[in-house]
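Visitor: The structure is given below, and queries will be raised subsequently.
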Amino acid sequence: MPELSVQRAGDLAGRPGSRPIDKVAVLGSSGFVGRAVVAELGNRGVKVQPVAAPRLSWPLTHALRADSVPADLYEDVVDALAAQLDGAQIVINTAGLPNGSAPDSAELYGGNTLLPTLVARASALVNARRLVHVSSAAAQGQMALDETARTMPFSPYSRSKAIGERLLRREDCIDTVIYRSTWVHDVDRPNTRALIRLAQSRASCVAGDGTAPTPQVLIDDVATAITHLGLVDGSVPPIVLQPYNGMTTGLLLRLLGGREPLHLPPRVARYATRCFTAYGRTSLNANAHARRVEMLLFGKRQVPGWLADQGLAPQLRPEAWERLRTAGTGPTPASSPSAEALARPRTGDSQPQDTSGAAGADRYLTK
Numbered sequence: 007m008p009e010l011s012v013q014r015a016g017d018l019a020g021r022p023g024s025r026p027i028d029k030v031a032v033l034g035s036s037g038f039v040g041r042a043v044v045a046e047l048g049n050r051g052v053k054v055q056p057v058a059a060p061r062l063s064w065p066l067t068h069a070l071r072a073d074s075v076p077a078d079l080y081e082d083v084v085d086a087l088a089a090q091l092d093g094a095q096i097v098i099n100t101a102g103l104p105n106g107s108a109p110d111s112a113e114l115y116g117g118n119t120l121l122p123t124l125v126a127r128a129s130a131l132v133n134a135r136r137l138v139h140v141s142s143a144a145a146q147g148q149m150a151l152d153e154t155a156r157t158m159p160f161s162p163y164s165r166s167k168a169i170g171e172r173l174l175r176r177e178d179c180i181d182t183v184i185y186r187s188t189w190v191h192d193v194d195r196p197n198t199r200a201l202i203r204l205a206q207s208r209a210s211c212v213a214g215d216g217t218a219p220t221p222q223v224l225i226d227d228v229a230t231a232i233t234h235l236g237l238v239d240g241s242v243p244p245i246v247l248q249p250y251n252g253m254t255t256g257l258l259l260r261l262l263g264g265r266e267p268l269h270l271p272p273r274v275a276r277y278a279t280r281c282f283t284a285y286g287r288t289s290l291n292a293n294a295h296a297r298r299v300e301m302l303l304f305g306k307r308q309v310p311g312w313l314a315d316q317g318l319a320p321q322l323r324p325e326a327w328e329r330l331r332t333a334g335t336g337p338t339p340a341s342s343p344s345a346e347a348l349a350r351p352r353t354g355d356s357q358p359q360d361t362s363g364a365a366g367a368d369r370y371l372t373k
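Just so you know, we're using my numbering here: the sequence shown kicks off at 7 and counts up by one.
And the structure:
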């Protein structure tokens, strides 16, 4: 990874002396992340060019064997994409299959593994300045999250993202930044609603005092980060991770559940995690569920990265997380604790950890 500039970068759209951005093309503009990016670009006065992403199929056997995408593969798709991208200075690819529990399929590897490389080639044909490809922190699996090229996939979805990153890095036809989102939430997100149901149930529990960092983020913060990567002037690292916002395992369940989770002794929680890990060995899908349980109990550490160095780490905003819980359920009863009260540590708890997520968290995390 290149050394990071200590000077904060400005936006291409507003920095004096830079050529203004007239148009940004967004693939997957009707999807969950794409809609939020389009809205954020509109708020900044940038014209958006929606691009329909093709439906591709690529067998896993081909994806595993490939060191790069053959130059003649889907040339017609590249040409069709280039026709849609024409006139855009920046291309943002939010397209793909976002289902973290998806089984292996040719469509999964077509959308998440093959498509990014084809988008890069089409972007180069129209002389776009930069491609921002939206990947996932899931590609790094059990590892501490960082901005290196290392990956440790644990499910078909994470494997499709990891191979997609590897193949895209082989393309040198256009300035490309791979953005790794962490676990994204919004009011109508099925995974968010499932987590809220868990947080409100008797099964809501964390390991120890619940102060371990966990990489959960709101969709608005993701859209802000992606838009910044598209518009920022100057060089950008090849891989960028969504910054940590200060969320902890206990606070997440308190805000989404409106109640205190059960605090398991770390030794008991570790035993439960080992049981889930053993279950996870039965299949990649089972392994994905085991990893989710482990992260809810112990959290996950992430290394501060480029966006945090640029001063773009998002604020936690407890009231926004509480709105996820109360949306569609009517007014919050007067007796329910406020977001401010839920965000405060319990009596006897440790004080909140360093927002880098690095200090003191290792004892709660899988090595």
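Note that the Cβ used here is the ideal one computed from N, Cα and C, for glycine as well.
Can you give the beta carbon distance from residue 139 to residue 105, rounded, assuming they're within the 8 Å contact cut?
Guide: To locate residue 139, count along the sequence shown from 1; it is residue 133. To locate residue 105, count along the sequence shown from 1; it is residue 99. 18 Å between Cβ atoms; not a contact.
Visitor: Starting from residue 53, follow its DSSP beta bridges and name the residues at the other end.
Guide: Locating residue 53 in the sequence shown gives position 47, counting from the first residue. In the DSSP output, where bridge partners are listed per residue, residue 53 has 29.
Visitor: Using 8 Å as the Cβ pair cut-off and three pairs as the minimum, do the region 140-156 and the region 203-211 touch?
Guide: no
Visitor: Measuring CB atoms only, is the region 322-329 touching the region 236-246, in the sense that at least three cross pairs come out at less than 8 Å?
Guide: no
Visitor: Whose C-beta lies closer than 6 Å to the C-beta of residue 29 among residues of the same chain, with five residues either side of it excluded?
Guide: The count along the sequence shown starts at 1 and reaches residue 29 at position 23. Answer for residue 29: 53, 55, 93 and 94, listed in chain order.
Visitor: Could you give the distance in angstroms between the alpha-carbon of residue 332 and the alpha-carbon of residue 202?
Guide: Counting from one through the sequence shown, the residue named residue 332 turns up at place 326. Counting from one through the sequence shown, the residue named residue 202 turns up at place 196. Distance between the alpha carbons of residue 332 and residue 202 is about 10 Å.
Visitor: From this set, 150, 261 and 311, which residue's C-alpha is nearest residue 323's C-alpha?
Guide: Here residue 323 refers to the residue found at position 317 when the sequence shown is read from its first residue. Of the candidates 150, 261 and 311, the one whose C-alpha sits nearest the C-alpha of residue 323 is 261.
Visitor: Suppose you measure from the CA of residue 26 to the CA of residue 238; what does that come to, to the nearest Å?
Guide: Position 20 of the sequence shown, counted from the start, is the residue given in the question as residue 26. Position 232 of the sequence shown, counted from the start, is the residue given in the question as residue 238. Residue 26 and residue 238: Cα-Cα distance of roughly 11 Å.
Visitor: Could you pull out every unbroken alpha helix (DSSP H) segment of at least 4 residues lying fully inside the region 58-101, listed in chain order?
Guide: 66-71 and 81-91
Visitor: Taking the alpha-carbon positions, what's the residue 155 to residue 132 distance?
Guide: As a working note, residue 155 is residue 149 in the sequence shown. As a working note, residue 132 is residue 126 in the sequence shown. Near 27 Å, if we compare the C-alpha coordinates of residue 132 and residue 155.
Visitor: What do you reckon, are the CB atoms on residue 375 and residue 108 nearer than 7 Å?
Guide: Any answer about residue 375 is impossible in this case: the structure gives the chain only from 7 up to 373.
Visitor: Whole angstroms are fine: how far does the CA of residue 161 sit from the CA of residue 283?
Guide: In the sequence shown, residue 283 corresponds to position 277, counting from 1. In the sequence shown, residue 161 corresponds to position 155, counting from 1. Taking the straight line joining both Cα atoms gives about 13 Å.
Visitor: Would you decide whether residue 122 is buried or exposed? Buried here means 16 or more other CB atoms lie within 10 Å of its CB.
Guide: Within the sequence shown, numbered from 1, the residue matching residue 122 stands at position 116. Residue 122 comes out buried.
Visitor: Whose C-beta lies closer than 6 Å to the C-beta of residue 152 among residues of the same chain, with five residues either side of it excluded?
Guide: Position 146 of the sequence shown, counting from 1, holds the residue named residue 152. Within the same chain, Cβ atoms closer than 6 Å to the Cβ of residue 152 are found at 309, the five residues on either side in sequence being excluded.
Visitor: What are the uninterrupted segments assigned as alpha helix (DSSP H) that are 4 or more residues long and contained completely in the region 197-270, given in chain order?
Guide: 225-237 and 255-263
Visitor: Please classify residue 67: is it buried, with 16 or more other beta-carbons within 10 angstroms of its beta-carbon, or exposed?
Guide: For the purposes of this step, residue 67 is taken as the residue at position 61 of the sequence shown. By the neighbour-count rule (16 or more Cβ atoms within 10 Å), residue 67 is not buried but exposed.
Visitor: Roughly how many angstroms lie between the CA atoms of residue 16 and residue 97, to the nearest whole one?
Guide: Sequence index remark: in the sequence shown, residue 16 carries index 10 (1-based). Sequence index remark: in the sequence shown, residue 97 carries index 91 (1-based). Interpretation of residue 16 is limited by its pLDDT of 38, a score under 50 that renders its predicted location unreliable; no figure is taken from the coordinates.
Visitor: Near residue 179, which residues of its chain fall below 7 Å by C-beta distance, leaving aside the five closest residues on each side in sequence?
Guide: For the purposes of this step, residue 179 is taken as the residue at position 173 of the sequence shown. Cβ neighbours of residue 179 beyond the five flanking positions: 126, 127 and 130.
Visitor: Using the C-alpha atoms, what's the distance from residue 49 back to residue 236?
Guide: Against the sequence shown, residue 236 aligns to sequence position 230. Against the sequence shown, residue 49 aligns to sequence position 43. Spanning the two alpha carbons is a distance of roughly 14 Å.
Visitor: Which of the three DSSP states, helix, strand or coil, is assigned to residue 157?
Guide: One-based indexing of the sequence shown puts residue 157 at position 151. Three-state result, residue 157: coil.
Visitor: Out of 271, 75, 226 and 301, which has the shortest C-alpha to C-alpha gap to residue 5?
Guide: Not covered by the structure: residue 5. The range shown for the chain is 7 to 373.
Visitor: Hey, out of 91, 134 and 191, whose CA is closest to residue 42's CA?
Guide: On the sequence shown, residue 42 is found 36 positions in, with the first residue counted as 1. When each option's Cα is compared against that of residue 42, the closest is 191.
Visitor: What does a CB cutoff of less than 6 Å around residue 169 pick up in its chain, not counting 5 residues either side in sequence?
Guide: Translated into the one-based positions of the sequence shown, residue 169 becomes position 163. Same-chain partners within the cutoff: 69 and 119.
Visitor: Am I right that residue 150 and residue 265 are in contact with their C-beta atoms under 8 Å? What's the rounded C-beta distance?
Guide: The sequence position of residue 150 within the sequence shown is 144, counting from 1. The sequence position of residue 265 within the sequence shown is 259, counting from 1. Not really, about 30 Å apart at Cβ, beyond 8 Å.
Visitor: Rounded to the nearest angstrom, what separates residue 253 and residue 135 at their Cα positions?
Guide: Here the question's residue 253 lines up with position 247 in the sequence shown. Here the question's residue 135 lines up with position 129 in the sequence shown. Going by the C-alpha atoms only, they are around 35 Å apart.
Visitor: In chain order, what residues of the same chain have a beta carbon less than 8 Å from the beta carbon of residue 183, not counting five sequence neighbours either side?
Guide: As a position in the sequence shown, residue 183 is number 177, starting the count at 1. Result list for residue 183: 136, 137, 138, 139, 235, 242, 243, 244, 245 and 246, in chain order.
Visitor: Closest to residue 232 by C-alpha separation, out of 313, 193 and 89, would be which residue?
Guide: Position 226 of the sequence shown, counting from 1, holds the residue named residue 232. If we check each option's Cα against that of residue 232, 313 comes out closest.
Visitor: Excluding the 5 residues flanking residue 61 on each side, which residues of the same chain have their C-beta closer than 6 Å to its C-beta?
Guide: As a position in the sequence shown, residue 61 is number 55, starting the count at 1. Excluding positions up to five away in sequence, the list is empty.
Visitor: Might you give, ordered along the chain, the residues of its own chain that have their beta carbon closer than 7 Å to the beta carbon of residue 175, omitting 5 neighbours on each side?
Guide: Locating residue 175 in the sequence shown gives position 169, counting from the first residue. Taken in chain order, the residues that qualify are 155 and 244.
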